[in-house]
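Enquirer: If you scroll down you'll find the structure; I have some questions about it.
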Amino acid sequence: MTSRREFIKISGATVGAATVGSGFVNKFWGLDRDAVEDPNTDGDKVVPTFCELCFWKCGVLAHVRNGRVTKIVGNPDHPLSRGHLCPRGTGGMGLLYDPDRLKKPLLRRSNKRGGQDFEEVSWAKALDFTAEKLMKIKRDCGPDKVALFSHGYGGSFFKHLLFAYGSGNVTAPSYGQCRGPREVGFNLTFGSSLGSPEVLDIENSRVLTLIGSHLGENMHNTQVQDFARAIAKGAEVVVVDPRFSTAAGKARHWLPIKPGTDLALLLAWMHVIVKEELYDAAYLEKYATGLPELRKHLEDKTPEWAFTETTIPPEKIVETARFIAGARPASLVHPGRHTTWYGDDTQRSRAIAILNALLGSWGRRGGIFIPASMPVPKYPCPDYAAPPKTAQDHPDGTVYPFADEVLSHGVCDATVPGKIMTSGCPIKGWIVYGTNLIQALPQRQQVIEAAQHLDLMVAIDVLPAEITGYADVVLPEATYLERWDDAGPTPWREPFLAIRQPVVDPLYESKPGWWIAKELANRMELGAYFPWDDAGKMVEARLRKGGYDFDLLKAKGVIRGKRVPVTTEDGLELTFATPSKKIELYSKRMAEAGASPMPEYTRHPQPADGQFRLLFGRTPTHTFGRTTNNRFLSEVTNENEVWLSAKVARERGLSNGDRVVLVNQDGVRSEPVRLKATQRIRHDCVFVVHGYGHSSPGLKFAKGRGMDDSRLVTKIAVDPLAGSTGMSVNFVTVERA
Amino acid sequence: MNTTLLESVTTRANHLIDPGLAIWGWQITVYLFLGGMVAGILSLSALLELRHGKPSSPIFRTAPFVALGILSLGMGALFLDLEYPFHVWRFYTRFQLASPMSWGSWILVAVYPAAFVFGLGSLDDSGRSFVRSWVPKNLEGLYDRVEKHAIERRREILTGVFFIGLGLGVYTGLLLGTMAARLQWNSALLGPLFLVSGLSTGAAFLLLTGLHEEERKRIVRWDVNAIGTELVLILLMLIGFGYGTESARFAASNFLGGPYTPVFWSLVVVLGLVVPLLMEAVEAKRHLPFTLVTPALVLVGGLALRAILLAAGQDSAFRLIP
Amino acid sequence: MSASKKRYAMTVDTRTCVGCKACVLACKSENDVPDGFCRDWIVEEVRGEFPDLSAEIRSERCNHCSDAPCVSVCPTGASNIAEGGVVLVTHGKCTGCKACIAGCPYDARYVHPKGYVDKCTFCLHRVQKGLQPACVGVCPTGTLTLGDRNDPASAVSQILRKRKSKVNHPESGADPNVFFLV
């Protein structure tokens, strides 16, 4: 045993041998000064680009030190980030340096799809194989038998490839499983949809009403910034949610509505606003049609009627209706983003659109603005041989009269021989770009069944998500920090242009999407559609042709145009691209399509005793399953938990932190998951954050963490207007694991 | 609104900090225990000689050296606890007035030479020549001068050792007692409590070595006083907590119904204090034969006191107040 | 106002904070905080019984106390008070004795895997260059403000005059400098 004293001699001698000069003497006597220690994470190079941890496209500055990305911060010049980031945006390094990344092209070894059983091959071999298969499908069945599922900015090159190839089957789950009905509902009402980023002037709202929209948990950067700015300026918030969400914690009024009944509340609110003439009469007079029909339609939609559906007391409905109308036109009823809930979602979105019209918030400050943008000329390129849009997913075009994008689950159906297409060849090839269809689409067994019928599935991804296990070829793409992407405007409150440029060279053998698409095109005699050698040069040519200062863009990552009016308060004259050129409170188009021209309430099935409606949502640190393998982001949130009413839990002998299993109405069981017994949720539903419970063995970090809610979505309610899939219609029981 | 219902969630999960503090484990328990015991051995043997002349029991010839050995063991445990042991010399480049740990590290430095000269004076001649045989040739002159002083200035050295021992004993308690952030430790009584406990464990150690009857009786008498004082101090500590602020009452609850109640009352109070106290009192009164069970229990109690206070203190942060 | 008289303080607006944890992650990358540790964190408190609930979300960190117990208990002077009252740990002087951790009423410190004790620095290395701390810079909700409390014109002073604020565990007696706006 060494005494402390002896140790001093030893360590003193060691240190003494290693150190020379008076510095050591000072240090030995404790006279060395206390320095402010610099962690040295500032880059020797700082590269501006924009983020792809979600799809909001915030401008970032990536710090690179000794060739490694050390940190990512917001770009102060970028109007979507304004120098700030959400948690995910700070975590790009966790994606870039994820040890589980796809590193080499993979070719499936066994015949069975789904096993992640691959051999590593050269790019030449993988691309030759893919091109040959695609050409064979084109020869045998025609080009429209190939579909592209795409999510993410880099998908544009594959969309271009597919159109050049001759197929219009470009689809994204972000439509039919997310924002589709909202876009359709607003389009039918105002002749324009909201897009992404949504064109909402939340910052200037005086009252913001959120219906099942979880700002703060849903971390779309600018929107949350605006939300906080509005609150700081004294805006009031009304939250309609069966769960006491983060936003509900900020709200003046929280209405814990019975799930599935939102439309009744919306109709009752409108009833009060119309009956008490709290609407913007001059605005409606000038811009809208159908008010008399609406007035009549709302007559029996009383707060008392709505109470029986929603469980919200009539006086509370009246109070909030007046409260919301009191702040018009700077009173915004948030249109939501993930709106595929119960199958009548287009009608609910229509109701939200009409309510906004009554408040006069469309085209108004504090409401919905009309975005500005900076156009970028196209790169000279041959015209596509075939029309870029088909009805492949719904061969009888009248099935979903207002679907304005191809539906992903429709493509799945059209892949299974004889399922929806009575004649002709089913879809034979899928190109899956950056979307994990296994977790993104409902009714997993049907997706997997469809995949088994394919002649070819190509997956282009960064990580070995579940879907890559079903592919024949897996092509490892470079991350957003390692590649150029195409340039294009993002319509926003002020016009701006931003570019995505590589921060570091691609790791491993990963390649940028543009390179993969171009190489495939070259192998399919479509090289003429990619008449450039390098996407960076192509982007430069496009921007220079548009008269933009490319060097400035490269240095700053963004250029901003001159502000133009985006609301009537700025001097904008409103126009509406509807058939009547007006806001259509009453929709003739819908009547003609056999739908209710004004939103009609449908009573949805409610869970039986002992059952709970399965609701899912977001956590601020993750973009569903895309980021749950990101070890950096997982430093703060690394599994999900099931929210259950504390009272119900107590009745069942369950306590906070217990491991439970959810079992849905079809007997499908979830992975074991931690229970959050909480006051923050109604007794008739459970809530879970989407995107956990990965099963892909390649996702070494995420595999087995938390539960996968989408596995329990075996039942859907298809919206007859948009064709989208309502997914909050599954009921579960809670068992001890 | 029912504000008593509270759901609190934190994202922090720092190792050794969350969910409860766990920075100090067995190493510090051992260090505090052995440090206290050494304080007891040194102070009591010095006091015994001051009051009653050179004691005759064999242990007292080597007790200071044995104490140094035990202290070195304790410091070894302390060293094992350091997360950055190569910086240990930093303790001795500064004296931080407000830091009990700084006081402690300098007290430890004082204990070694003090106990050494104390020990030289306690040895018999053959012992001293044994020690001298280990001294390097060129230091023999210095050693001889030290030895001369060790014998001639015996009284001053005994007094010095007595107080240095007390200082060491108090310091082991103050080390924790000054951590106001840990509600369980937030009591000035911890210094005297650890001191008397140290004296008691020191006495127990001496008793275990087999003392001559006269000296044993004296040590037992002192031990009875120490244990009695310890019980009073524990009582005062609990009263202080129990009638204190919300945070103090939270601290008291740890031992009055909280998770540490059973071990504290059974191991520390009953087994480590009350039983030995009764046994020593009864033995003295009834002239019963002395057994080694009593000092063994005292040692167990002393170790348990430190282990439990160390754990309970780390489990008593402000944020844990319900 | 001389530099030595600076007194850095932070305000955290619990009304705007959504608990997104961007501050936690930005701090981790800026300060190269080791895996599994954090220098700042989010506390979310919900009081009441369904449906009468209220919530408070706080972004918490070292309070850089004016009467910092961690500095007084440090035996080697490693824990020290730097410019503007910012409490720092000089890694080279730290023995890892953990007295400061025990002494901190806010449990804001931790042992870095390399052995020294580590904690929030208010990003003094950035502040000295005129930059904001990483957490303040990243925050999408504008919840955090750092400034000189002794300068009446600073943003922090103005906010503290205008808004009602509280500190965590004032009974610690440490005189903390992170203020939560309510």
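Chains as they are written, first to last, in the working numbering: chain A, 291 to 1027; chain B, 113 to 434; chain C, 725 to 906.
Even for Gly, the Cβ is constructed at its ideal location relative to N, Cα and C.
Quick one, which of Asp570/A, Ala741/A, Thr339/A and Arg916/A has its alpha-carbon nearest Gly981/A's?
Expert: Closest by alpha carbon: Arg916/A.
Enquirer: Evaluate contact between the region 116-135 of chain B and the region 507-524 of chain A, counting only Cβ atoms and requiring at least three cross-stretch pairs below 8 Å.
Expert: no
Enquirer: Look at Ile427/A and Lys435/A and say whether their C-beta atoms are less than 8 Å apart.
Expert: yes
Enquirer: Does the region 756-772 of chain C come close enough to the region 333-349 of chain A to have 3 or more Cβ pairs within less than 8 Å?
Expert: no
Enquirer: Relative to chain C, which residues along the region 917-942 of chain A have a C-beta separation below 9 Å, given in chain order?
Expert: Cβ proximity to chain C below 9 Å picks out Arg921, Phe922, Leu923, Glu925, Val926, Thr927, Ser935, Ala936 and Lys937 from the region 917-942 of chain A.
Enquirer: Under a CB-based cut-off of 8 Å, is Ala792/C close to chain B?
Expert: no
Enquirer: Whole beta strand (DSSP E) runs in the region 789-830 of chain A with 3 or more residues, listed along the chain?
Expert: none
Enquirer: Could you tell me which chain C residues have their CB closer than 7 Å to the CB of Cys376/A, listed as they occur along the chain?
Expert: Cys744, Ala746 and Pro864
Enquirer: Spell out the partners DSSP gives Ile750/A in its beta bridges.
Expert: Tyr723/A and Leu765/A
Enquirer: Go ahead and label Lys1038/A buried or exposed: buried means 16 or more other beta carbons lie within 10 angstroms of its beta carbon, across all protein chains shown.
Expert: Outside the shown range of chain A, which is 291 to 1027, sits residue 1038/A, and nothing can be said about it.
Enquirer: Do we get a CB-CB distance below 8 Å when we pair Asn511/A with the residues of chain C?
Expert: yes
Enquirer: If we ignore side chains and look at the alpha-carbon of each, how far apart do Asp1009/A and Thr380/A end up?
Expert: 37 Å
Enquirer: Would you call Gln479/B buried or exposed, if buried means 16 or more other Cβ atoms sit within 10 Å of its Cβ?
Expert: This structure cannot settle anything about residue 479/B, because the visible part of chain B is limited to 113 through 434.
Enquirer: Gly311/A: buried (16+ other C-beta within 10 angstroms of its C-beta) or exposed?
Expert: Low confidence applies to Gly311/A: its pLDDT is 42, below 50, so where it sits in the model is not reliable enough to give any reading.
Enquirer: So, is the C-beta of Leu422/B closer than 8 Å to a C-beta in chain A?
Expert: no
Enquirer: To the nearest angstrom, how far is the alpha carbon of Leu375/A from that of Pro487/A?
Expert: 15 Å
Enquirer: Determine the extent of the alpha helix (DSSP H) in which Leu438/A is found, giving its start and end residues.
Expert: Element bounds for Leu438/A: not the alpha helix (DSSP H) but the beta strand (DSSP E), Val436 to Ser440.
Enquirer: Report the neighbours of Thr968/A on chain B: residues whose CB is nearer than 8 Å to its CB, in chain order.
Expert: Glu119
Enquirer: Check for me: the alpha helix (DSSP H) holding Lys260/B runs from which residue to which?
Expert: Glu252 to Glu264
Enquirer: From the beta carbon of Gly854/C, is the nearest beta carbon of chain A less than 8 Å away?
Expert: no
Enquirer: Name, going along the chain, the residues of the region 806-825 of chain C whose beta-carbon falls closer than 9 Å to a beta-carbon of chain B.
Expert: If the cut-off is 9 Å between Cβ atoms, the region 806-825 of chain C has His815, Gly816, Lys817, Cys818, Thr819, Gly820, Cys821, Lys822, Ala823 and Ile825 near chain B.
Enquirer: Can you tell me whether DSSP reads Ser359/B as helix, strand or coil?
Expert: Of the three classes helix, strand and coil, the one that applies to Ser359/B here is helix, per DSSP.
Enquirer: Using a Cβ-Cβ cut-off of less than 9 Å, give me the residues of the region 889-901 of chain C that come near chain B, in sequence order.
Expert: Asn892, His893, Glu895, Ser896, Gly897 and Ala898
Enquirer: Using CA atoms only, rank isn't needed, just tell me which of Lys449/A, Gly653/A, Ala620/A and Pro329/A is closest to Leu862/A.
Expert: For Leu862/A, the closest of Lys449/A, Gly653/A, Ala620/A and Pro329/A by C-alpha to C-alpha distance is Gly653/A.
Enquirer: Return the chain-ordered list of same chain residues with a C-beta closer than 8 Å to the C-beta of Val795/C, the five sequence neighbours on each side being excluded.
Expert: Ser803, Asn804, Ile805, Val811 and Cys824
Enquirer: Can you check DSSP and say which residues form a bridge with Arg1026/A?
Expert: Val950/A
Enquirer: Quick one: Cα of Gly485/A to Cα of Gln791/A, how far?
Expert: 24 Å
Enquirer: Strictly by DSSP, which residues pair up with Thr122/B?
Expert: Val767/C
Enquirer: Mind listing which residues of the region 769-801 of chain C have their C-beta closer than 7 Å to chain B's C-betas, in chain order?
Expert: Glu769, Val770, Arg771, Gly772, Glu773, Asp776, Ser778, Pro793, Ser796, Val797, Cys798, Pro799, Thr800 and Gly801
Enquirer: Counting only the same chain and skipping the five closest in sequence on each side, list residues whose C-beta sits under 7 Å from that of Lys937/A.
Expert: His973
Enquirer: Please classify Ser155/B: is it buried, with 16 or more other beta-carbons within 10 angstroms of its beta-carbon, or exposed?
Expert: buried
Enquirer: So which residues on chain C does Tyr196/B lean against when the C-beta distance must stay under 8 Å?
Expert: Going along chain C in sequence order, the residues near Tyr196/B (Cβ under 8 Å) are Cys818, Thr819, Gly820, Lys838, Gly839 and Tyr840.
Enquirer: What does the alpha-carbon distance come out to for the pair Phe914/A and Val979/A?
Expert: Answer to the nearest angstrom: the Cα atoms are 8 Å apart.
Enquirer: With respect to the beta strand (DSSP E) encompassing Gly186/B, which residues constitute its N-terminal and C-terminal limits?
Expert: It is not in any beta strand (DSSP E) - Gly186/B instead sits in the alpha helix (DSSP H) that spans Ile171 to Asp193.
Enquirer: Report the CB separation of Ala151/B from Gly281/B in whole angstroms; it is logged as a contact under 8 Å.
Expert: 3 Å
Enquirer: What ranges does the alpha helix (DSSP H) occupy inside the region 561-607 of chain A, keeping only unbroken runs of at least 4 residues that lie completely in it?
Expert: 571-577, 581-588 and 593-600
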